[in-house]
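In UniProt numbering, the protein residues as written are 1 to 205. Glycine included, each C-beta is placed from N, C-alpha and C at the ideal position. Note that the coordinates shown come from a computational prediction; the quantities given were computed from them, not determined experimentally.
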Ligand SMILES: Nc1nc2c(ncn2[C@@H]2O[C@H](COP(=O)(O)OP(=O)(O)OP(=O)(O)O)[C@@H](O)[C@H]2O)c(=O)[nH]1
Ligand SMILES: [Zn+2]
C-alpha cells in the first residue's frame with residue numbers, strides 16, 4: 001500500500017512532547033499520524049499502539065466505547081517509558097466511517113450488538129486492515145513492538161507483515177456502565193482478550 005511521508009513536527013501534550021509524523025495513503029487520500037518519543041530506531045522492541053480513529057471516543061468523550069481512555073493510557077505509558085510509538089490510523093468505525101458508525105449506533109440503540117449492527121448495514125464485523133502500518137514503521141526504523149492491545153488480530157496482522165511483536169501488553173481501561181455490552185461483545189464475537197491476563201504496564205495509567 002503506497003504511503004508517503006509528508007512532514008514531521010513537535011507535538012507537546014500533557015504527557016510528553018512527542019514528534020508527530022504525517023503520512024498520506026495515496027490510493028484513498030487517508031491521512032495517518034504517528035506520535036513517537038525517544039529513539040525508536042535502535043532495534044530494541046518499542047512500546048507501541050495501533051489506535052484506530054474513533055472521533056466519538058477520542059475527541060467527544062463518548063462512553064459507548066473505551067477508545068478515548070485507551071488513547072490516553074497508551075500515551076501516558078509511552079511517556080512514562082520515555083520511548084514509543086502511537087500510530088493513529090484513520091479507519092473510523094472499524095473501517096466503515098463515521099456516518100455509518102452513527103447508523104450502527106442507531107441500530108444498537110434499538111437492541112442490536114456492535115457486530116449485528118455492522119452486519120445489518122451490509123458490512124463485515126471488522127473491515128480494518130493494517131497494511132498502511134508497514135511503510136510507516138519502516139520509515140521510523142521500528143522492527144519490533146511491545147504492542148498495547150487486547151486484539152489478537154492486530155498482533156497477527158503485524159506478524160504477517162514481518163514486524164516482530166515481542167510482547168502483547170494488555171490495555172484494560174475505560175470500563176463504564178454504558179460500554180459493558182460493547183466490551184462483552186468484543187470478547188465473545190471479536191476475539192478480544194478482556195481479562196484474566198496479568199496487568200499490563202499501560203493498565204496502570
Ligand atoms: N462499526 C463500529 N465501530 C465501532 C463501534 N464502537 C467502536 N468502534 C470503532 O472501533 C475501533 C476501535 O476498535 P476496538 O474494537 O474498540 O478496539 P481495537 O482497536 O480492535 O483493539 P484494542 O487494541 O484492544 O483497543 C474504532 O475505529 C472505533 O471507531 C461500533 O459499535 N461499531
Ligand atoms: Zn471508540
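How many whole angstroms separate the CB atoms of residue 126 and residue 185, which I take to be in contact at a CB cut-off of 8 Å?
-> Wrong, their Cβ atoms sit about 12 Å apart, outside the cutoff.
Do three or more CB pairs link the stretch 18-25 to the stretch 57-66 at distances below 8 Å?
-> no
Per DSSP, what kind of secondary structure is residue 60 in: helix, strand or coil?
-> coil
With distances taken between CB atoms, is the gap from residue 89 to residue 139 smaller than 8 Å?
-> no
Residue 130 to residue 123, Cα distance in whole Å?
-> 18 Å
Is any heavy atom of ligand 1 found at a distance shorter than 7 Å from the C-beta of residue 114?
-> yes
Spatial neighbours of residue 157 in its chain, beta-carbon cut-off 6 Å, leaving aside the 5 residues before and after | 130
Indicate, with yes or no, if ligand 1 has a heavy atom lying under 7 Å from the CB of residue 133.
-> no
Near ligand 1: residue 19 beta-carbon under 7 Å from a heavy atom = no
Who are residue 148's beta bridge partners in DSSP?
-> 169
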